[in-house]
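Notes follow the structure.
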Amino acid sequence: MGKELPLVECAFGWGHIFKLYPDYLEVNGMPYALSALTRIRPTFRTMMGISSARFELWFGKKKVVLRGIAALDDARAILEYLSSWCRQEFSQDAQDAQDAQDTQDALDALE
Numbered sequence: 200m201g202k203e204l205p206l207v208e209c210a211f212g213w214g215h216i217f218k219l220y221p222d223y224l225e226v227n228g229m230p231y232a233l234s235a236l237t238r239i240r241p242t243f244r245t246m247m248g249i250s251s252a253r254f255e256l257w258f259g260k261k262k263v264v265l266r267g268i269a270a271l272d273d274a275r276a277i278l279e280y281l282s283s284w285c286r287q288e289f290s291q292d293a294q295d296a297q298d299a300q301d302t303q304d305a306l307d308a309l310e
């Protein structure tokens with residue numbers, strides 16, 4: 200975790216900053232190793248004509264929520280990149296199946 204430039208940097212919530220680097224992400228200055236990423240749950244909404252994204256990211260039992268991402272192009276890039284790192288197991292469990300479908304639906308909706 201050096202001084203490299205982020206792949207994506209965007210605002211979320213009320214003035215919080217999220218930065219995505221090749222092997223980790225940083226949320227308000229707190230680093231999270233992508234190798235520890237176990238689950239992603241994306242949600243895309245449009246309310247009163249304003250679109251935004253929300254990501255629930257699990258690093259083992261630790262959940263990090265990024266809500267109110269208005270830059271949808273950045274959100275799409277983040278989702279595609281994080282999906283390649285995610286170690287989520289796609290079992291027959293209903294929740295896992297729903298999470299997998301949510302991820303695919305979110306990617307399809309952005310195309």
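Per our numbering, the very first residue in the sequence shown carries number 200; after that it's consecutive.
We treat Cβ as the ideally placed atom computed from N, Cα and C, and that holds for glycine.
1) Pull up the distance between the alpha-carbon of Glu208 and that of Met247, whole angstroms please.
2) Hey, would you say Cys285 sits closer than 7 Å to Leu219, going by beta carbons?
3) With DSSP run on the structure shown, which of helix, strand or coil describes Leu278?
4) Return helix, strand or coil for Trp143, following the three-state DSSP convention.
5) With a threshold of 7 Å on Cβ separation, who are the neighbours of Ala210 within its own chain once the five nearest residues in sequence on each side are excluded?
6) Given this structure, state the Cα-to-Cα distance separating Glu203 from Leu281, to the nearest angstrom.
7) Which stretch, first to last residue, makes up the beta strand (DSSP E) that contains Leu265?
8) What did DSSP end up calling Leu256 once you bin it into helix, strand or coil?
9) On the DSSP bridge list, what partners appear for Thr245?
10) Taking the continuous beta strand (DSSP E) assigned at Glu225, which residues delimit it?
11) Considering just the uninterrupted stretch of the beta strand (DSSP E) at Tyr231, what are its terminal residues?
Concretely, from the data shown:
1) Here the question's residue 208 lines up with position 9 in the sequence shown. Here the question's residue 247 lines up with position 48 in the sequence shown. Whole-angstrom Cα-Cα distance: 25 Å.
2) The count along the sequence shown starts at 1 and reaches residue 285 at position 86. The count along the sequence shown starts at 1 and reaches residue 219 at position 20. Their beta carbons are not under 7 Å apart, which means Cys285 does not touch Leu219 by this criterion.
3) Residue 278 sits at position 79 when you count from the first residue of the sequence shown. In this structure, Leu278 counts as helix in the three-state DSSP scheme.
4) What is shown of the chain runs 200 to 310, which leaves residue 143 out entirely.
5) If you number the sequence shown from 1, residue 210 lands on position 11. Around Ala210: Ile216.
6) As a working note, residue 203 is residue 4 in the sequence shown. As a working note, residue 281 is residue 82 in the sequence shown. Distance between the alpha carbons of Glu203 and Leu281: 18 Å.
7) Position 66 of the sequence shown holds residue 265. Unbroken beta strand (DSSP E) run through Leu265: 261-268.
8) The sequence position of residue 256 within the sequence shown is 57, counting from 1. Note: Leu256 maps to strand in three-state DSSP.
9) If you number the sequence shown from 1, residue 245 lands on position 46. Paired residue(s): Ser250.
10) Taking the first residue of the sequence shown as position 1, residue 225 is located at position 26. Element bounds for Glu225: 223-226.
11) Position 32 of the sequence shown, counting from 1, holds the residue named residue 231. Residues 229-232.
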